[in-house]
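>
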């Protein structure tokens, strides 16, 4: 029995030691790929930011924005929404803003679904983190998401398989005949008052340090029509907020850029179109900056 316990102890210690070595090697790199969100919860940021749901995460590629703005895309998903109750705390913790900077920009992306978070879901995703957690090695995030060496390796393999299957520039395109079917099966947006108040609070905070742009990113024309049918006052509401808080609001579904974009589902553009769209955003920012 003693030999068995000793063997188990040796195995446990060996596994922990191997895990420690794995993490030491992995985090010795400047930008280790852990999963799709890790870079958003590691290392503080003092430059421009993009906030939103997965629409903004797929639509805006910061690699194609002018380096002078020092952008970082801090968009997650509709479930980890920038308009839940904890996101503002996250922004305050991960940024190191002290004064306003003329070259710092905050792109706040909005749509009816982003403002339809459910009161009954957990809207406190970032409350368990604090400023000291957002380091190169964010162990709390690893534990929370059970990112063991095996899972991280799986993430790496999945990433490489996506590149192998779709290429470096993903140009998947949704079948036009299926769009209405997807829309019919999609839940209907209902703007949540708490989310709306959180949006205003976020804008108010970001205005202290940045020039804020309120942007509705393009989606398929059919889905855009559907969103407006179920949220007919959305545009008027965003216009009202932009005027009250003196920020620019752009619904880019109404610009010619929309017709040049391709989408892999009803509301996410593919990476080929993301590059085109990001360059459009870049020119838009520069025009406003030079005014």
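Residue numbers (our numbering): 715 to 1005. Virtual Cβ for every residue (Gly too), placed ideally from N, Cα, C.
Fully enclosed by the region 941-1000, which beta strand (DSSP E) runs are 3 residues long or longer?
Fully enclosed beta strand (DSSP E) runs of 3 or longer: 962-965.
> Do residue 982 and residue 818 have their C-beta atoms closer together than 8 Å?
No.
> From this set, 958, 924, 937, which residue's C-alpha is nearest residue 1003's C-alpha?
Checking every option, the nearest Cα to that of residue 1003 belongs to 924.
> Quick check on the burial criterion: 16 or more other C-beta atoms within 10 angstroms. Buried or exposed for residue 881?
Exposed, by the Cβ-count rule.
> Quick one: grab the DSSP three-state call for residue 771.
Helix.
> Around the Cβ of residue 798, are there at least 16 other Cβ atoms within 10 angstroms (buried) or fewer (exposed)?
So residue 798 counts as buried.
> Assign residue 835 to buried or exposed, taking buried as 16 or more other Cβ atoms, counted over all protein chains shown, within 10 Å of its Cβ.
Confidence is the limiting factor: at residue 835 the pLDDT is only 47, short of 50, which leaves the residue's position unreliable and the question unanswerable from this model.
> Which residue or residues does DSSP assign as beta-bridge partners of residue 927?
Per DSSP, 821, 962.
> In three-state terms, what does DSSP make of residue 787?
Looking at residue 787 - three-state DSSP - the assignment turns out to be strand.
> Where does residue 862 fall in DSSP's three states?
Three-state DSSP puts residue 862 in coil, outside helix and strand.
> So, for residue 775: in the same chain, excluding its five sequence neighbours on each side, which residues have a beta-carbon less than 7 Å away from its beta-carbon?
These residues qualify, in order along the chain: 988, 989, 992.
> If I'm right that residue 791 touches residue 759 with Cβ under 8 Å, what's the distance once you round it to whole angstroms?
Actually they are not in contact, since the Cβ atoms of residue 791 and residue 759 sit about 19 Å apart, beyond 8 Å.
> Could you check how far apart the C-beta atoms of residue 735 and residue 852 are, in whole angstroms? I think they sit under 8 Å.
Actually they do not touch by this definition, with Cβ atoms about 19 Å apart.
> As a quick exercise: from 969, 936, 935, 930, pick the residue whose alpha carbon is nearest that of residue 950.
Comparing Cα-Cα distances from residue 950 to each of 969, 936, 935, 930, the minimum goes to 930.
> Pick from 831, 815, 939: whose alpha carbon is nearest that of residue 898?
Cα-wise, what sits closest to residue 898 is 939.
> On a Cα-Cα basis, can you pick out the residue from 971, 912, 767 that is closest to residue 997?
Checking every option, the nearest Cα to that of residue 997 belongs to 971.
> Rounded to a whole number of angstroms, what is the C-alpha to C-alpha distance between residue 927 and residue 963?
For residue 927 and residue 963, the distance between alpha carbons rounds to 6 Å.
> Among residues of its own chain, excluding the 5 on either side of residue 674, which ones have a beta-carbon nearer than 6 Å to its beta-carbon?
A query on residue 674 cannot be resolved here, the shown segment of the chain reaching from 715 to 1005 and no further.
> Distance check for residue 885 and residue 976, CA to CA, integer angstroms please.
If I take the Cα positions, the gap works out to 8 Å.
> Starting from residue 895, trace the alpha helix (DSSP H) in both directions and tell me its first and last residue.
Note, residue 895: alpha helix (DSSP H), 893-898.
> Quick check: the Cα distance between residue 941 and residue 823, rounded to an integer number of angstroms?
Their backbone Cα atoms lie some 15 Å apart in a straight line.
> Could you tell me which of 829, 783, 849 sits nearest to residue 820, measuring between CA atoms?
Measuring from the Cα of residue 820, the nearest candidate turns out to be 783.
> Measure the Cβ-Cβ separation of residue 751 and residue 850 and say whether it is below 8 Å.
Their beta carbons are not under 8 Å apart, which means residue 751 does not touch residue 850 by this criterion.
> List the residues that DSSP assigns as beta-bridge partners of residue 759.
Answer is 809, bridged to residue 759.
> Assuming residue 796 contacts residue 910 under a Cβ cut-off of 8 Å, what Cβ separation, rounded to an integer in Å, is found between them?
That pair is no contact at about 12 Å.
> At the level of alpha carbons, what is the spacing between residue 846 and residue 914?
Answer to the nearest angstrom: the Cα atoms are 26 Å apart.
> Could you check which residue in 733, 800, 826, 793 has the C-alpha nearest to that of residue 1063?
Only positions 715 to 1005 of the chain appear in the structure, and residue 1063 is not among them; the question remains open.
> Under the rule that 16 or more other beta-carbon atoms within 10 Å means buried, what is residue 731, buried or exposed?
The residue is exposed, with fewer than 16 neighbouring Cβ atoms inside 10 Å.
> Measuring straight from C-alpha to C-alpha, what distance separates residue 814 and residue 891?
Distance between the alpha carbons of residue 814 and residue 891: 48 Å.
> Out of 778, 746, 733, state which residue places its alpha-carbon closest to the alpha-carbon of residue 999.
Comparing Cα-Cα distances from residue 999 to each of 778, 746, 733, the minimum goes to 778.
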